[in-house]
Amino acid sequence: MTVSEVRQRDTQEERMGRRRGVAAVRGAGKMLNRLPTWAAVLLIIVVVLALWQLVVSLGTISELVLPSPLSVGGQLVIVTQQLIGGEYLLGQLWITIQEVLLGFGLAVTVGITVGLIVGQTEFGRKGVMPIFVLLDATPKIAFAPVFIAWFGFGIASKFLMAAFMSIFPIIVGTAAGLAATSEEEIKLFRSMKASGWDIFWKLKVHRALPFVFTGLKIAVVAAVTGAVAAEFIGGGIGFGEQVRVAAARIALDRVFALILYLSVLGLLLYLAVAWLQKKLTFWDQPGRDR
Amino acid sequence: MSSMTRTRSEETYAVSGLSHRYPAGDVLALQGIDMVLPKGSVTALIGPSGCGKSTLLNILSGLLRPTDGGVTLFGSPLTGPPDEVAHMFQKATLLPWRTTLENVVLPIEIRDGKKAAKAAYGKARDLLRMVGIGDFEAAYPQALSGGMAQRAAICRMLITEPEVFLLDEPFGALDELTRERMDIELLRIAKDSEATVVLVTHSIPESVFLSDRVYAMSARPGRIEEVIDIDLPAPRTLDTFSDPHFVDRVGQVRRALNRGHGYDGQ
Ligand SMILES: Nc1ncnc2c1ncn2[C@@H]1O[C@H](COP(=O)(O)OP(=O)(O)OP(=O)(O)O)[C@@H](O)[C@H]1O
Ligand SMILES: [Mg+2]
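Protein sequence lines correspond, in order, to chains U and D. Counting from -7, one number per residue, gives the positions in the first sequence under this note's numbering. Counting from 6, one number per residue, gives the positions in the second sequence under this note's numbering.
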């Protein structure tokens, strides 16, 4: 056996060993890929929580800086009890829910109306829409102190902030949606002597809906952010204030528990919008127009 | 016939000296088109892609105003989409949020409202059954094949019982056998309702089989190369396809198209 032959055999064995390792990883990967969504999400959450607990339990990170999942869980139970008991905390959550719903409702009404006006004309789409896109790109949250200054410490400044945070995607989505109708469809309606009203209601509105919903899904999450941000800045009301107070006491486990509730609020609203979208735009399958 | 009181012209369409130039790209799509379409006649337009067939149909349906020349419908100048005309476009263009049945009654809904549209469901079902897609009335267009969508679009065109059918490659997505069946069905409906038909096709045999007259066109700019009268007896059946006279006319159309293409002779 020459040296080169030996080297060749070595590398061959190495390669085969590596291949076996790769195959094992691939097998595990395939198993993971077969998991249903809920199981995959659950698996990741459990692994992350376990690692998190481990890191805190081992003392790598102090409980003061990062509360353990178990203590957050404990706080979650306390917060839930306080909510169910109908105490002060429930009233605060209700204030935040009102702010979000009022703000989102306002953004939907005004946003769709403005979007319809802007999207109706070529001038609106070319001249006015870029301005709204630009406004949407600003860090809108920085305006929260301005809203407090303008509209006071009450609920008004909060829901107006929520509306401000969420209105732009709705305007842009609606305006863009109005341009989504194809030339052929307009021709079809014109050949049937359809009125402008019919073309709007029986055609353009349907074609616009998927775009409107894209805007609404971004908006509903932004509305929660806007309301909570305004609560942080001033007024001493709402769930955001509870978060701020707990954080000031460095009760981070309670902060996490409260944030979890805010996340659930955002998620529920998002799911409601997504559900409505599925109902109304069930037909929206790209590339299957006949 | 002189005793007949004529309230309307005997001709459905009269086109004279018609030209159309698209401003976009400055394309001369049609030049010097003259044609007379008698009432109850079937006319086929055939020619290379881009020779202006769809443009001509759009002008006949009042969707497009020609840059030059005149078009009269039943003796009066065309100013917009007329009631008597139904147009079937090259693309089926079904609305994906409506079922097949709801798509078929759309012209009724737009003309007479929702109630009238509901009342027309029975008639729409008959039409769908006639073109062989009766089982798909409740399906949404996404579930239809291209050929099925075209047949639904034909039903949508027929539902208003128009006097004039403008058809832009109506059977382009159909297999040969279904296509022949649909051709025969279409002729029967047209004859029964005494409708005037203008039909664009890329199939030479189909153009001869269906029509009383074939306009062979050539491109750049779109012109009429030759008008070929098809003097085949009615009713036309599957036997027509093997009639020597039919084969003759097919050859004549083919030669006209070749000439338009600049292939002179063969
Ligand atoms: N809206 C438009 N704007 C500019 N040019 C157009 C427009 N529509 C058609 N054209 C041009 O006019 C010419 C004729 O087009 P048309 O669609 O009438 O052809 P066609 O005979 O129907 O072709 P095909 O058999 O491919 O359907 C083409 O050169 C096309 O590029
Ligand atoms: Mg065409």
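Glycine included, each C-beta is placed from N, C-alpha and C at the ideal position.
Next item on the list: Give the straight-line distance between the Cα atoms of V255(D) and L237(D), rounded to the nearest whole angstrom.
Entry: Along the second sequence, one-based indexing puts residue 255(D) at 250. Along the second sequence, one-based indexing puts residue 237(D) at 232. Their Cα atoms are separated by approximately 12 Å.
Note to self: Please classify I191(U) as buried or exposed, where buried requires at least 16 neighbouring CB atoms within 10 angstroms.
What the structure shows: Taking the first residue of the first sequence as position 1, residue 191(U) is located at position 199. Buried is the call here.
Next item on the list: Say whether chain U places a C-beta atom closer than 7 Å to the C-beta of T98(D).
Entry: As a first step, residue 98(D) must be located in the second sequence, where it is residue number 93. Yes, T98(D) lies at the interface with chain U (some Cβ there is under 7 Å from its Cβ).
Item checked: D197(D) classed as buried or exposed, judged by whether at least 16 other C-beta atoms fall within 10 angstroms -> Stepping through the second sequence from its first residue, residue 197(D) is reached at position 192. With fewer than 16 Cβ atoms within 10 Å of its Cβ, D197(D) is classed as exposed.
Check: Any heavy atom of ligand 2 closer than 6 Å to the CB of S223(D)?
Finding: Translated into positions along the second sequence, residue 223(D) becomes position 218. Result no, Cβ not under 6 Å from ligand 2.
Next item on the list: May I ask you to list, following chain order, the residues of the region 172 to 183 of chain U that have a beta carbon less than 9 Å from some beta carbon of chain D?
Entry: S174, E176, E177, K179, L180, F181, R182 and S183
Checklist line | Min CB distance M9(D) to chain U below 7 Å | finding: For the purposes of this step, residue 9(D) is identified with residue 4 of the second sequence, where counting begins at 1. Any reading at M9(D) needs caution, since the residue's pLDDT is 45, under 50, leaving its predicted position unreliable; the model's value is listed next. Chain U, which has no Cβ nearer than 7 Å to the Cβ of M9(D), makes this no.
Notebook entry, point to check: Where does the unbroken beta strand (DSSP E) through G37(D) begin, and where does it stop?
Noted result: Counting from 1 along the second sequence, the entry for residue 37(D) is found at position 32. G37(D) -> beta strand (DSSP E) spans V32 to P43.
Checklist line | Distance between beta carbons of V258(D) and I233(D), contact taken as under 8 Å | finding: Taking the first residue of the second sequence as 1, we reach residue 233(D) at position 228. Taking the first residue of the second sequence as 1, we reach residue 258(D) at position 253. Confirmed, about 6 Å.
Note to self: What I want to know is whether the C-beta of G37(D) ends up closer than 6 Å to one or more non-hydrogen atoms of ligand 1.
What the structure shows: In the second sequence, counting from the first residue as 1, residue 37(D) sits at position 32. Answer for G37(D): no, Cβ out of range of ligand 1.
Next item on the list: Could you please give the first and the last residue of the uninterrupted alpha helix (DSSP H) stretch that includes F170(D)?
Entry: Taking the second sequence and counting its residues from 1, one reaches residue 170(D) at position 165. Where F170(D) is concerned, there is no enclosing alpha helix (DSSP H), although the beta strand (DSSP E) it sits in stretches over V169 to D173.
Margin query: Tell me the rounded alpha-carbon separation between I189(D) and R116(D).
Written below: Your numbering for residue 189(D) matches position 184 in the second sequence. Your numbering for residue 116(D) matches position 111 in the second sequence. Taking the straight line joining both Cα atoms gives about 29 Å.
Notebook entry, point to check: Can you tell which of M162(D), E142(D) and I138(D) has its C-alpha closest to the C-alpha of G152(D)?
Noted result: In the second sequence, the residue the question calls residue 152(D) occupies position 147. When each option's Cα is compared against that of G152(D), the closest is I138(D).
Note to self: What does the alpha-carbon distance come out to for the pair K123(D) and V110(D)?
What the structure shows: What you label residue 123(D) is simply residue 118 of the second sequence in a count that begins at 1. What you label residue 110(D) is simply residue 105 of the second sequence in a count that begins at 1. Near 8 Å, if we compare the C-alpha coordinates of V110(D) and K123(D).
Notebook entry, point to check: Roughly how many angstroms lie between the CA atoms of A249(U) and R103(D), to the nearest whole one?
Noted result: Here residue 249(U) corresponds to residue number 257 of the first sequence, with the count starting at 1. Here residue 103(D) corresponds to residue number 98 of the second sequence, with the count starting at 1. Going by the C-alpha atoms only, they are around 46 Å apart.
Check: CB P226(D) to CB R282(U), shorter than 7 Å?
Finding: As a first step, residue 226(D) must be located in the second sequence, where it is residue number 221. As a first step, residue 282(U) must be located in the first sequence, where it is residue number 290. Going by C-beta atoms, P226(D) is not nearer than 7 Å to R282(U).
Next item on the list: Give a yes or no on whether the C-beta atoms belonging to I245(U) and V64(U) are separated by under 7 Å.
Entry: For the purposes of this step, residue 245(U) is identified with residue 253 of the first sequence, where counting begins at 1. For the purposes of this step, residue 64(U) is identified with residue 72 of the first sequence, where counting begins at 1. Looking at the sequence shown, residue 245(U) is not Ile but Asp. Cβ distance < 7 Å, so D245(U) and V64(U) count as in contact.
Notebook entry, point to check: How far does the beta strand (DSSP E) with T123(U) in it reach, from first residue to last?
Noted result: Numbered from its first residue, the first sequence carries residue 123(U) at position 131. For clarity, residue 123(U) is Ile in the given sequence; the question names Thr instead. It is not in any beta strand (DSSP E) - I123(U) instead sits in the alpha helix (DSSP H) that spans M121 to A129.
Item checked: Closest by C-alpha distance to H207(D), when choosing among I51(D), E142(D), P249(D) and E89(D) -> Your numbering for residue 207(D) matches position 202 in the second sequence. Considering only alpha carbons, the answer is I51(D).
Check: If you measure from the CB of Q95(D), is any heavy atom of ligand 2 nearer than 6 Å?
Finding: Against the second sequence, residue 95(D) aligns to sequence position 90. Yes, the Cβ of Q95(D) comes within 6 Å of a heavy atom of ligand 2.
Margin query: Buried or exposed, going by whether 16 or more other CB atoms sit within 10 Å of the CB of P167(D)?
Written below: Taking the first residue of the second sequence as 1, we reach residue 167(D) at position 162. Burial call: buried.
Check: Going by C-alpha distance, which of V220(U), L58(U) and A155(U) is nearest G232(U)?
Finding: Counting from one through the first sequence, the residue named residue 232(U) turns up at place 240. The candidate whose alpha carbon is nearest that of G232(U) is V220(U).
Check: Residues in the region 204 to 236 of chain D with C-beta within 7 Å of chain U's C-beta atoms, listed in sequence order?
Finding: Contact residues of the region 204 to 236 of chain D toward chain U are absent (C-beta to C-beta distance below 7 Å).
Next item on the list: Taking P28(D) as the reference, give the member of F141(D), A121(D), R161(D) and R70(D) with the closest Cα.
Entry: In the second sequence, residue 28(D) corresponds to position 23, counting from 1. Cα-wise, what sits closest to P28(D) is R70(D).
Notebook entry, point to check: Going by beta carbon distance, what residues of the same chain come within less than 7 Å of S21(D), once the five residues before and after it are set aside?
Noted result: The sequence position of residue 21(D) within the second sequence is 16, counting from 1. Here the set comprises D39, G74 and G75.
Checklist line | 9 Å Cβ cut-off: residues of chain U touching I115(D) | finding: Indexing the second sequence from 1 puts residue 115(D) at position 110. The answer, in chain order, is F181, M184, K185, A186, S187, D190 and K194.
Next item on the list: Give the single residue among L152(U), F145(U) and L43(U) whose Cα lies nearest to the Cα of F96(U).
Entry: To locate residue 96(U), count along the first sequence from 1; it is residue 104. Closest in C-alpha terms to F96(U), from the list L152(U), F145(U) and L43(U), comes L152(U).
Check: Are the C-beta of A154(D) and some C-beta of chain U separated by less than 7 Å?
Finding: Reading the second sequence from its first residue, position 149 is the one you call residue 154(D). Chain U contact via Cβ: present.
Margin query: Just verifying my parser: in three-state terms, what is the DSSP assignment at H207(D)?
Written below: Taking the second sequence and counting its residues from 1, one reaches residue 207(D) at position 202. Coil.
Check: Within the 7 Å Cβ cut-off, does L68(D) reach chain U?
Finding: The sequence position of residue 68(D) within the second sequence is 63, counting from 1. For L68(D), the answer is yes, since a Cβ of chain U falls inside 7 Å of its Cβ.
Next item on the list: Give the DSSP-derived three-state secondary structure of V(-2)(U) in the structure shown.
Entry: Working through the first sequence from its first residue, we reach residue -2(U) at position 6. Only weak support is given to the placement of V(-2)(U): the predicted model assigns it a pLDDT of 48, under 50, and the value that follows is read from those uncertain coordinates. In the structure shown, V(-2)(U) sits in a helix (DSSP, three-state: H, G or I).
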